[in-house]
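J.: Can you keep this structure in mind? I'll have questions shortly.
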Amino acid sequence: MEFGMKRVVASVQVVAILNRIYNGSPVSIASISKESKLSVSYLEQIFSKLRSSEIVTSQRGAGGGYHLSKANPSVADVVRAVTHTPDSFEPVLNALEWVPVAQLAQGKSPTP
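Structure, rendered in structure tokens:
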């Protein structure tokens, strides 16, 4: 998959939403779709990549959905999961290792 800013932004957004609304029970794609205003089919593509990269895990069946595998993934974790970035982007990803998705969701600036 090529570097795509739209997919990166959407992926960070949905991981932040999942982090915010997860309460111990799996969160359905329909719930995330409602919160994010993104289509279910687009979210399925994103979650497929996130699942392959072990950022999220899924539970099938009634009451199924997704939850984070890792308590607070970094923005870099999410970006690497959903796209292949140019080598020149690696210094940016290294800096984003220190920025947890939850911190962005709270509207806080990262501290060095």
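Heads up, the sequence shown is in the working numbering, so the first residue is 239 and it goes up one at a time. Even glycine gets a Cβ: it sits at the ideal position worked out from N, Cα and C. What you are looking at is a predicted structure, and each value in this text was computed from that prediction instead of being measured.
1. Beta carbon of I293, beta carbon of D325: below 8 Å?
2. Any chance you could list the beta strand (DSSP E) runs of at least 3 consecutive residues sitting entirely within the segment 239 to 321, in chain order?
3. Considering Cα atoms alone, identify which of A319, V339, S271 and R298 is closest to P264.
4. Give the single residue among S266, S307 and I284 whose Cα lies nearest to the Cα of G242.
5. Figure out for me which residue from I267, E282 and R258 has the closest Cα to the Cα of R245.
6. In three-state terms, what does DSSP make of P324?
T.: Reading from the atomic positions:
1. No; because the gap between Cβ atoms is not below 8 Å, this pair is not in contact.
2. The DSSP assignment places complete beta strand (DSSP E) segments of no fewer than 3 residues inside the segment 239 to 321 at 294 to 297 and 303 to 306, in order along the chain.
3. If we check each option's Cα against that of P264, R298 comes out closest.
4. Looking at the Cα atoms, I284 is the closest of the given residues.
5. It is E282 whose Cα lies nearest to the Cα of R245.
6. In this structure, P324 counts as coil in the three-state DSSP scheme.
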